[in-house]
Structures are given as structure tokens and as C-alpha cells.
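Residue numbers (the working numbering), protein chains in the order written: chain D, 1 to 133; chain W, 134 to 224. Where a beta carbon is used, it is the ideal one built from N, C-alpha and C, also for glycine.
This is the structure:
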């Protein structure tokens, strides 16, 4: 494989992985939100959505940062960028949760945690999906 | 007076629990990420042509390792801002 082919392959591959992960997370968050809203009410549904969206938004930002080194052949640079992405992800989740708890008075904490847990687990469970392809 | 004592006890024990939760979760995540990064560097040094494939998997594995920490952060935030144990005192 020539260098150009390799670079093209890398450019294609990385966003596809993230796209799959995000599409899974969005679908799961949508289903959970509707279920929780139907069973426990509107505010519980919104809380579950906030929990899911905070993780999804964090993953989205982190993937943007991690994608910067998609063309790099230097493993150390990749690791540094991945760790930066990780820090950004945790910061985004932390800030969005703090904002939700501080300003959304009708928040249902258990629904929020359910949404958060689901999104966080799915972001890891996408590995199996990746391995299948 | 008794209620105040219970309130103070719940708050202090909750604070200790939250510290332990966040600390242990961070410790676990850090050990996991450390092992993963070391393995990635080792794999990249052995087979540099595998870097693109490994890179994608590293990022996804990071999500898996990080999931426990994020869940722990969520639970800590819940206990810090909307402690369900305090409602027992209110009744």
C-alpha cells in the first residue's frame, strides 16, 4: 500500500468509527428518553436526555481533538492527543452535569444517572461493533 | 438538635464517601489508561504499520475505561447536589 493510499485509508477509517459510536449512542439516548418520559414523566425524560447528551457532547469534542493526529505516524503524539481528548471529555461531562444540577430545578437525578450510564457504557461497547466489521 | 446532628453526620459521611468514590474511580481509570497506552506504544514500536488500526481501537478503549469514571462522577454529582439521604431526615 502506498503512502497516499494509507493516508486516505486512515482519513476514512477514523471518522467512521466515531460516527458508528455516536449513532449508537444517539439511538440509545433517544430510546431511553422516550421510555423514561412515557413511564416517569416529562421531567424524568428531559433529565435522562441531559445525562446522555452530556456524554455524547463530550465524546464529540474529544473525537475532534483525537482526530487531529489521524495522519501522524508518531505514537507519542497520538497518545498525547488522546489524553488531551480524554481531559476535555471529562471536563465537558463535569461542567454539563454541574450546570444541570445547579439550574434545572425539576431534575430527576436517577433518570439523569441512567442516561449518563447508558451513554458511557455504549461508548465502550462500540468496540464489539468495531470488531465485527 | 438530634436532627441537626443526623444532618451533620449524613453530610460528613457523604463527603468522605464522595472523596473515596472519585479517588478510587480516578485511580482505576489512570491504571487502565496507563496499561493501555503502554501496550499501544509497545505495539506501535513492534509493528509501526499497525498504528492506524490501533489508534481507532485505543480511542474506543479509552471510552470503555473512562465509562466507569464518568459514571462515578455522575453519582458523585448526584450525592453532592441532590443527596437522597437528606430527604430521609426531612421526613
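Asked: Per-residue burial, residue 203/W [other beta carbons within 10 Å of its own, 16 or more giving buried]; Found: buried
Asked: Alpha helix (DSSP H) segment containing residue 86/D, residue limits; Found: 75–103
Asked: Proximity below 8 Å, CB of residue 55/D to CB of residue 123/D; Found: yes
Asked: Residue 147/W - containing alpha helix (DSSP H), residue span; Found: 135–179
Asked: 8 Å Cβ cut-off: residues of chain W touching residue 138/D; Found: Within the shown structure, residues of chain D are numbered from 1 to 133, placing residue 138/D beyond reach of any answer.
Asked: Buried or exposed by the 16-neighbour rule on C-beta atoms within 10 Å, applied to residue 64/D; Found: exposed
Asked: Inter-residue spacing [alpha-carbon to alpha-carbon] between residue 118/D and residue 197/W; Found: 12 Å
Asked: Residue 101/D and residue 94/D closer than 8 Å at C-beta; Found: no
Asked: Classification of residue 42/D by the beta-carbon crowding that lies within 10 angstroms, buried from 16 upward; Found: exposed
Asked: Partners in chain D for residue 163/W, counting only beta-carbon separations shorter than 9 Å; Found: Here the premise fails: no neighbours, minimum Cβ distance about 10 Å.
Asked: For residue 92/D, the nearest candidate out of 72/D, 68/D and 51/D (CA to CA); Found: 51/D
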